[in-house]
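To get my numbering, take the position in the sequence shown, counting from 1, and add 368.
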Amino acid sequence: MRNILRQSTNLLVHRLAAAMTVVRQGLRLFANCVQQAGADWYRQDFPLIGYLFKYLLAAFLALWLALKMEMDQPATALLTVVIVMHFRSGMVITKSYYRLIGTVIGILFSMLLVAWFAQDRFPFFMVAALWIGLCTAGSLVTRNFQSYGFVLAGYTLCIVGLPATLTPWHTFQIASTRLSEIGVGLLSATLVSELILPQRLWENIQAVVRGKFRDFSVLLGTGAPAGLNQPFLKFMQDIYQLESFRASAQFETDDARVHSTTINQLNVRFMAVSTTYIVFQRLVKRLQAGGRQPEADALLALMQPLTETILIDGHPVEDAKALASLQQTVIVFRQGFDGLFNQQLLALASLPDINLLEVETGAELLQRLATELAAYLETYVLLTANPRARQVDTREFMAGQLHMHIDWLPVFIAATRGALTLLILAAIWMTIDWPSGILAMTLGVITSTLFAASPSPTATLRQFALGVILGIALVYVSNVFWLTAAHDYVMLCIVIAPAILLTAWLGARPATAVVGAGMGITYFLMVGFNQALGDNPVKYFNDSIALMIALAVSGIMFSLTDYAASPWASTRVFNQLRQLVIDACRYADMTATEFEMRARDLIQRSGNVHRPESADSVRLVEALCATLEIGHAVIALRDVTGGLSAQPQRLLQHTLVLVAHYYKQPRQKNQQQALQWLDHFLAWLQGGEYAEVLTPMQVQKLTTQLHFIRLVIAAEIPAKLPQALRMEVAHAA
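Spelled out as structure tokens, the structure:
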């Protein structure tokens, strides 16, 4: 009996111990899950909650200051907060800076315009339309928030100049009051964003830099089985996003200011190395498609030591020690490349029908790739290994700003559209003595200038119109049901809080950001409080109709003058890419960096980078890659001519003339003429007749560049081929 009791006790103890173990494991698992959920919440949801809190606090601060100072329109200060608030502190400061500059310039011009033409509306609106057109054009030829400054300078004329025409003797008072209200909004947004839970752009910059390096390392180490178009477009987006962050971070932290030039140089060097890699891969694919598999295999074998070291266990390197080792490996690869190349030549010597010139051309591209990759890694290590450095090594990066390629035709179309929008709404205002005409002109100018640079302005305007409709509905509920119960500052804050939070939440999501902007702008343009609260149904319906008419006029003008959606816009982009090649042939001062930046900027401004899977994007990227191929080869060929005697220089100049002529008129006759001349030039170089005027090194450089130019031109499809033959050639390519 005692043994049975002891056994039962032991069994019970064992079961309790096992149960406690299970409970402890469950608690540990539960704690881990809670910890992971908390970490995910803090990383994903907390920034949004913090942003909504800061948004609300900045709006309440602006409202309190505007009411305390007894300003005429406190809603203007709130509207300013809605426009400039952003997740990142640097963005808020930058937007505030350029908004202030644009507002001051717009106010000064408005005062001059009222002083000149206060008694005559016709010249007033003609000059105002010219101003709107100039500001719209300025918003298209500049980048980032400099463009936003032009937009502000444009529609500030409507906010200040148009009301002043009704009472010209109050012009200075109106201007100073609006500037004070806007200043209160800017100050509130900047202080709250900078002092409470600040989110730094420097973190985004480092994330983009590391992500770009990781993506390129994976591409270099594993290749692109799905094609090179989408990675190339992704790299372009990263380049311009990083440039936007760099420009905005100037106002933020010492780290960003110290490393600004380094970031710029990193962008330039990344453009160079990514382009060279794309060009090399296109050469390999061209050889494979042309039945030159041994030559293609030899080039891939030459590149293999580089691809094997770029990844460690299939993953990009991250820590400083591994980066230094990778940098040294690339340098060693570059120094020992001649030996690897000679080994491949010996292996190919025994094979029949081998074109060694193809291998030499690809080998020169590989050498350039290794050199540019080493330079890129040098800058990347400098930026990521010691990001807190207060001084940057003065080996000095002399890279300038990203060059722009401006097509003046869409700029002129957008400027004309903005001017006509103002004139149409002004004509309606003057004809029927419209009480809300100024509001209609203000929104019409805002939409025509703000969305002029959008890749799809009509679709953007539709989203904005949805936000306007939501704002009109919210204003009705607010004015009729809520504002009547607001008798002090606290109640007023409670009344407008839902609109502020909804605007902030919609604006924080990229898919609904334009909807949020439309709703916020509409709400604070129409909300029924100034120095006194109240509801005016007549004014509400007049303003609502004015906003709808402004959107209708703006939408009609966009649909009639939407350059990006026109069927000949893509053709014009192709022609401009070819014109860049012509410029590279004609102008000796064009550098490879400038050429590449202008070509990329042309594609970036076309808007197709936002639709990477569309057929137009694929064709444009193909055209861009072909342009970069021929452009870099032409500039490299021009660089070789520096120390040549008169005869080779004449031959090279004739080569450039024929290439430029073909790209100006891409016909089969001109293509054959250029190819025949290149064959003649290459035969002259390979025949040994150059011995008295060229060194062997110069011959090698000239031969590889001329052969590469010949490959690119031969792969072109001339414009004058029959349609069936063009389709056959395109399918074969």
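For each residue, glycine too, the CB sits at the ideal point set by N, CA and C. Just so it is clear, the structure is predicted and the values come from calculations on it, not from any experiment.
In this structure, the beta-carbon distance from Ala497 to Ala743 does not fall below 9 Å.
For Pro825, the closest of Arg785, Ile796, Gly659 by C-alpha to C-alpha distance is Arg785. Under DSSP, His1000 takes part in no beta bridge, so it has no partner.
DSSP, reduced to helix, strand and coil, places His1029 within a helical segment of the structure shown. For Gly805, the enclosing alpha helix (DSSP H) has its first and last residue at 805-818. Counting other Cβ atoms within 10 Å of its Cβ, Ala865 stays below 16 and is therefore classed as exposed.
Ile917 and Ala808 have their alpha carbons spaced roughly 7 Å apart. Nearest Cα to His771 within the set Asn635, His855, Arg568, Val460: Asn635. For Ala833, the closest of Leu818, Ser585, Val882, Arg582 by C-alpha to C-alpha distance is Val882. Annotated three-state conformation of Pro684 is strand, per DSSP. Shortest Cα-Cα distance from Ile971 to any of Leu601, Leu508, Arg1006 involves Leu601.
In summary, Leu694 is buried, with 16 or more beta-carbon neighbours lying within 10 Å of its beta-carbon over all protein chains present. Look at Leu565 here: in three-state DSSP terms it is coil, with no helix or strand label.
Across the structure, Arg568 and Pro599 are spaced so that their CA atoms are roughly 28 Å apart.
Segment contact: the stretch 848-865 against the stretch 423-436, three or more CB-CB distances shorter than 8 Å; contact assigned.
Secondary structure in the stretch 467-501: no beta strand (DSSP E) run of 3 residues or longer lies completely within the stretch. Look at Leu1062 here: in three-state DSSP terms it is coil, with no helix or strand label. When the alpha-carbon of Thr510 is set against those of Leu476, Met798, Trp776, Pro1016, the nearest one is in Trp776. When secondary structure is reduced to three states using DSSP, Leu679 falls in the strand class. The beta carbon of Ala937 is closer than 7 Å to those of Tyr931 in its chain, skipping five residues each way along the sequence.
Annotation: Glu746 to Met887 spans about 47 Å, alpha carbon to alpha carbon. In the DSSP assignment, Asp706 falls within the alpha helix (DSSP H) that extends over 705-717. Counting the other CB atoms within 10 Å of its CB gives Thr1063 a total below 16, which places it among the exposed residues. Residue state for His454 is assigned as coil, using DSSP reduced to three classes. Taking the CA atoms as reference points, Thr444 sits about 14 Å from Tyr523. Contact annotation: the stretch 682-692 does not touch the stretch 706-715, with fewer than three C-beta pairs closer than 8 Å. Less than 9 Å divides the Cβ of Glu740 from the Cβ of Ala640. Phe892 and Leu842 have their C-alpha atoms roughly 11 Å apart. DSSP places Leu435 inside the alpha helix (DSSP H), whose first and last residues are 414-436. Membership of Ala960 in the alpha helix (DSSP H) is indicated by the continuous run 960-974. Counting only the Cα atoms, Gly884 lies some 9 Å from Val450. Taking the CA atoms as reference points, Glu964 sits about 7 Å from Leu996. When secondary structure is reduced to three states using DSSP, Met459 falls in the helix class.
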